[in-house]
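In case it helps, the working numbering puts the sequence shown at residues 26 to 1265.
A virtual CB, placed ideally from N, CA and C, is assigned to each residue, including glycine.
All values reported here derive from a predicted model rather than from experimental measurement.
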Amino acid sequence: MPIAKPEQVKSEQVKPEQTKPDHIDSQHWEELVISSGVDSELAALNVISLSGNLAYDYLLYSDKLDRLNTGRLSSYWMNRYGHLNLGGWWCNGINLVDGSDSLWGCFKPNKPRTDKDGKTIKYEQPPETIPECFFLKVSSNIWELIAAKAGVSLPENYQDVVEKPLIFWNWVIENNVAVMLTEGVKKTLAGLTAGYVCIGFSGVTLVCRQPKDSEGNKIGKPHLIPQLIPFLGSKRKVIFAFDSDNKRRTIRNVNLQIDKVGKLLQYRSCSVNVASWEHQLGKGLDDILVNCGVGKVDEIYRNCKKFHEWKTAQLKQLTYPPDVELDRKYLLVEDEKGNRKPDFKLSSDWVLLWLKAHKGAGKTSYINHIVSPLVYSGERKVLLVTHRVALGKAICDDLGLQYIDERSEEGHKRHLGLCIDSLLKLNPEDWKGCYLILDEIQQLKWHVLNSKTCRKKRVAILKQFKKLLNIIHQSGGKIIIADADLRDDGIDFIVNQIDDEVKTFGILNNYVRDDKDKWKVYNYADKNPARLVSDLLKKLEAGEKIMLCTSGQKARSTWGTQVIEAHVKKLLPDVKILRIDSLTVGEPGHPAYGALNHFKESIEGYQIVVCSPTIETGVSLDFDYFDCVFGIFQGVQACDSVRQHLSRYRKAVPRYLYISPTGINSNKIGNGATSVKALLAGEYKKDKANVQLLVEMGFEESLEGSFENIYLTHWAICGALINDGFNKYRFQILEDLKAEGHEIINLKKDEEEEYSILPVKETRQETYDTHLEKIEVAADIDDDKLEELDKKATLTQEERYQKDKANLAKTYQIPVDAELARKNDEGWYTEIKRHYLINNFDSSLPRQDKNYINYAQKNGDGHRAIWDDNQKLMASKIASLVNICRIKEVLAANGLHEYHPLAVEAGNAVRKNMGDLKLFICDFHDPKEAQPSNMFILRRLVGLIGYKLPQLGQITVEVQKEGKTAKKRVRVHGLAAPDFEVTVYTDKKGNQQEKLALDANGAAIPIPDGREAVFTAWQAKEALEIAKEQEILAQFKIPSELSHVMSKDIQSQDYSGTRRWFEDALVVAINSNDYWEAVKVVEKLEASIARADNFGFLTEDKAIHNRALQDILQNVIGANFESIKALQIAQSKWHEGHRQLLKFDNTVATEESEKHLVEPKPKQSRNSERILIRDIHQEDAEFSVKFQFVQHLINSKNLDDAKEVIEGYGIKLREHIKLWAKALEDVLLRDAALDMLASC
């Protein structure tokens, strides 16, 4: 039978004549058909009104219910269900085995009962029975509608469906028709009414079953309800259509069930989708049907999300219920005097205020309304923490706070703002009872968890942040968070870190821009931005003022700020252009210098302003100036950041956008997964491999100090969302703009007009070449000067190039030229560093990783952020290349081809471990083939170190396949190298071509890229570092038991390892109840204390060492004071001279007369400026100079001058000169010199 099209189905088939049948009471008919929009035939087929004994018979049929001898139900059940006498309606489905009516169903009583918690039981299911699905009966009219929408032919006998209801469900099963899963009978009836196959459940938790033991403990794995089995497989589309609730706990519970069931359905080869809608439209499908009609149900069906998309979308939700809900442009309203004030009040007991409102709604103004009285009265301290300096300074100006940064020394003021990078400058105890403001909390959270600027001190910053939050909470302070894109995880990030329950208060502004405020967004869906740039130039020629937002700013970025600026100047020299990026705003003398603080004044007179993400936040341009805004976004920024960037100019002028279809893969987070669990699994797997290899490399410290799980989880939530956005970059940004109320207009390309990218590329090359030349000719600077420039907030262009050159020299340890700078920009460092570690797998690699992990644990006070470690640690990555991929052997192999034994072995190993290798190194998949070939894998492998495999020609090889030998022609390759010489020849068509140049032996001629010189320099640097470390260690006498741990502590000047050893050893000794064991442990540590030299001096390293040991002795013995005191009193006799660890005044006795526990004071010097602690090498050099100078003076008979120098230096010089003078052959000079020395 032909398929009926939806528009051919008459409207009366959807809503046929609503004649009430006799078996349904009027009130029930009103409820189902009139109020819920259920098709009248569906209602008549599936619903019956019941009362009295009939209701009991339908509902209480289980043989597990207690009954009297007469068969009558016990009084317990009669009393519990006494309300059935008042009637209600019943609905059941059919049995899919034989088509008979199912015993199981649900009953909706006219007067429902309440449970012990006072909750109303609206629907009753048969007690002591196993819940089933609702497979409802349909009419032929409804079947026609369903078939039309599904695009499936009707069977010949479909008109018999009322008498044979099973034929409909068999048709659904056999034709793989999509099915909706929903909760409740009315929603199931509504779905069928709208023309969709709908299977109902009495609750969201009943779709799958979890086996449990007699005590309620889970045993075995969950499984789907058996009645669903016939519908599984064959990629059947299954759509969840559960209620849209507004209760946070309900939403989370429903989502958990969808997630659980969705995975089970996917496992059974179903295409899982989730339908969702705004709660305002209605809670369930029945409400949607009545409130909005069938068309809205169709729209919801069409827009349902794929399961993985839905899972990611859940992360974007805000399910915290607001206490104040608004729908207006501004949070503040004008009173009769023109003052802007809120017209709502906060509760008196709020601790955490969250605020979500669109960009430009006046969030900062509202916060100012709260805190300005506190700032001016001084009643409470106010602290602002942000993720960007510009944002912090802008808000501080608005709120009357003082901004501080890393260079400031004013962390004690009452009202401060700072970037979270500088949080360690504050003492949290100083901020008890303060108001803490965290603006743009979502970006602040991601910044502290993932930014490179926080990496070195991330764990310490997070610990400090948590401490600050808890101190504020415990001392009656308040916390305010705000964000236009606020999500649950933004609020959870604060709540999860506070130890006690937090009283929240929420303000939600649902305003969507109206026609006056919305932008017209013109989307250039092209391969590149060439057409957009062409249109930009035309508008400039027409005199329009333009703001261009672009995601790049480097000189090598084709569409970055520098190249666009140069291109506009080149083509339109009369147009005034201002470039605002991180370089120009910090360059004294540049027109954009300081522009973030006075943007309006800075741009005055410029026709086009080109802006990088530097202005992405902290700048609000709410004034008329630009005619339009252009945007070029290449997939660098996160999707939310793009919208922030575009929103800096508040006015509703047109936006012209080129957005890359996808984001840059290298910018993805972790393993690139869009699932939180998958991201976490990847990080845990990498960490496990890293820890195992560190242990194998001899790292003996505990590596169990990974940081609190909440931070890794929040990192994964943000990472999953960012990765999802990068996967569908253009689509996601446009969808988000549409959700803000803007109009999206797709600009179709004129097929007749060509837009070449070459002119911009030429400008880019010129700009980049100039940039490289400036690096090469920049002045060389030393490490002290580099450190000075690193600390400067602003740099001239000359200083910037000096800094760039110095960093390159420090990285590569060879002279810097333009070619080195270019190679570095192209990723050369990563390639050759990987190669260097492969070559030095047993030496440099362990040293590098152990140094890093020591540094990380030191900064984290024994804790690690494993997501940072996984990026920095190289052992697991290099081990995979060496052990799995056999890269060393591949690099040494000549004559490789597809069937070469090494190629086969390496290829098989890679294919076997594709998942792990993608996690640790790279993706070896071939996009053109189902499985990568052996040579594809080897080319990809050597490419990881910047090498190529030269193709020398073809040979014939014998190949074994299915037990038979066959001959095949294969391409053979030579030894890998960075590049190879080529010869140029002219082909038959007269075109010049290149081919590989071969030597006399037929081998490719390699072209070195200079990495060998870098490797030599790196090895020399490592050797020098090792020598210095050994020289430092040679100054100390360390007991063998402490040698490993203390050696590392001396080198790092972090004595946490020694402290842990002493703590553990002392506790063991104390637990043995032997005082003298405790004394032995103390004396072992004391034996490591450095001694002064013969003249009473300590080197700086020794002084640091001694102070650290003194602190450990004092603190650890003090921490065990009572235990040691009891042992000392019982077992030590002080009057007999026994060692006393504790003094009579209850202090720790760490200073014995024979022990130098602090650096000794030097003998009195006449030079008041002489330092007490000196570097030994500096001292020796200075002494040698002085000694030779005094010898010269004495030999010249300038004894008075010699005496002055000796007295200025000290005893050491006098004694050495005395020994020298005694050996003088000139007796008169000798006697005079000795007399002079005696008078010194």
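Between the beta-carbon of LEU718 and the beta-carbon of ALA900, is there less than 8 Å?
It is a contact, given that the beta carbons lie within the stated cut-off.
What residues are listed by DSSP as bridge partners for TRP115?
Note: TRP115 sits in a beta bridge opposite ILE73, PHE132.
Rounded to whole angstroms, what is the Cα-Cα separation between TYR428 and SER373?
Cα to Cα, the separation comes out at about 29 Å.
Could you name the residues of the same chain whose beta carbon sits closer than 7 Å to that of HIS615, not counting the 5 residues immediately before and after it, in chain order?
Cβ neighbours of HIS615 beyond the five flanking positions: THR609.
Using the three-state DSSP reduction, which class does CYS158 fall into: helix, strand or coil?
Looking at CYS158 - three-state DSSP - the assignment turns out to be coil, as it is neither helix nor strand.
Just verifying my parser: in three-state terms, what is the DSSP assignment at ASP360?
Three-state result, ASP360: coil.
Would the stretch 242-254 count as touching the stretch 340-351 if we require 3 or more Cβ pairs under 8 Å?
No, because fewer than three Cβ pairs between the stretch 242-254 and the stretch 340-351 fall closer than 8 Å, the two stretches do not touch.
Pick helix, strand or coil for ARG964, following the three-state DSSP scheme.
DSSP places ARG964 in helix when its eight states are reduced to three.
Can you give me the Cβ contacts of ILE1219 inside the same chain, cut-off strictly under 6 Å, excluding the 5 residues immediately before and after it?
For ILE1219, where only same-chain residues beyond five positions count, the Cβ hits under 6 Å are ALA1227, ALA1258.
Can you name the start and end residues of the alpha helix (DSSP H) that LYS563 belongs to?
Residues 555-566.
Check whether the stretch 890-898 and the stretch 1004-1012 touch, using three or more Cβ-Cβ pairs below 8 Å as the test.
Result no; under three Cβ-Cβ pairs closer than 8 Å.
Looking at ILE505 and TYR460, is the spacing between their C-beta atoms short of 8 Å?
Contact: yes.
Within 8 Å, do at least three Cβ pairs link the stretch 634-653 to the stretch 575-589?
Judged by Cβ distances under 8 Å, the stretch 575-589 makes contact with the stretch 634-653, as three or more pairs qualify.
So for TRP379, helix, strand or coil by DSSP?
TRP379 falls in the strand class under three-state DSSP.
Note down the Cα distance separating GLY62 from LEU314, rounded to an integer number of angstroms.
Rounded to whole angstroms, GLY62 to LEU314 spans 6 Å at the Cα level.
DSSP three-state call for GLN1044: helix, strand or coil?
Three-state result, GLN1044: helix.
Taking ASN876 as the reference, give the member of SER1264, ALA215, ASP1074, LYS1020 with the closest Cα.
Closest option to ASN876, Cα to Cα, is ASP1074.
Could you tell me which whole alpha helix (DSSP H) segments of length 4 or greater appear in the stretch 1101-1126?
DSSP runs (the alpha helix (DSSP H)) wholly in the stretch 1101-1126: none.
Which one or two residues does DSSP pair with TYR428 in a beta bridge?
Answer is GLY442, bridged to TYR428.
For LEU191, which residues of its own chain have a beta-carbon under 8 Å away from its beta-carbon, when the five flanking residues on both sides are left out?
Once the five neighbours on either side are set aside, the close Cβ partners of LEU191 are ILE119, LEU121, ASP123, GLY124.
Identify, in the order they occur along the chain, each residue of the same chain with its Cβ nearer than 7 Å to the Cβ of ASP1024, setting aside the five sequence neighbours on each side.
Correct list, in chain order: ILE1030.
Short of 6 Å in beta carbon distance, which residues of its chain neighbour LEU977, apart from the five on each side in sequence? Order them along the chain.
Same-chain partners within the cutoff: VAL997, GLY999.
Residue range of the alpha helix (DSSP H) that GLY1082 falls in?
Run containing GLY1082: 1081-1096, per the alpha helix (DSSP H) assignment.
Alpha carbon to alpha carbon, what distance is there between ILE962 and LYS953?
Their backbone Cα atoms lie some 13 Å apart in a straight line.
Per DSSP, which one or two residues make a beta bridge with ARG994?
Paired residue(s): THR981.
Between ARG1195 and the rest of its own chain, which residues show a CB-CB distance below 6 Å, the 5 nearest in sequence each way excluded?
With a pLDDT of only 34 at ARG1195, under 50, the local geometry of the prediction cannot be trusted, and no value is derived from it.
State buried or exposed for GLU1147, treating a residue as buried only when at least 16 other CB atoms are found within 10 Å of its CB.
By the 10 Å Cβ count, GLU1147 comes out exposed.
Nearest to TYR148 by CA position, among VAL163, VAL210, ASP91, is which residue?
When only C-alpha atoms are compared, the closest one is VAL210.
Less than 8 Å separating the beta-carbons of VAL995 and GLN979?
Yes, these two residues count as a Cβ contact at 8 Å.
Give the straight-line distance between the Cα atoms of ARG1132 and ALA834, rounded to the nearest whole angstrom.
Each residue's Cα considered, the two are about 36 Å apart.
Out of LEU797, LYS272, ARG1164, which has the shortest C-alpha to C-alpha gap to ARG581?
Looking at the Cα atoms, LEU797 is the closest of the given residues.
Are the beta-carbon atoms of LEU463 and VAL410 separated by less than 8 Å?
A contact, by the Cβ cut-off of 8 Å.
Report the three-state DSSP secondary structure of GLN1156 (helix, strand or coil).
Helix at GLN1156.
For the beta strand (DSSP E) holding PHE267, just list the boundary residues, first then last.
Where PHE267 is concerned, there is no enclosing beta strand (DSSP E), given that its DSSP letter is neither H nor E.
To the nearest angstrom, report how far apart GLY1235 and GLU454 are at their CA atoms.
When rounded, the distance between both Cα atoms is 47 Å.
Helix, strand or coil for LEU573? Go by DSSP, reduced to three states.
LEU573: strand per DSSP, three-state reduction.
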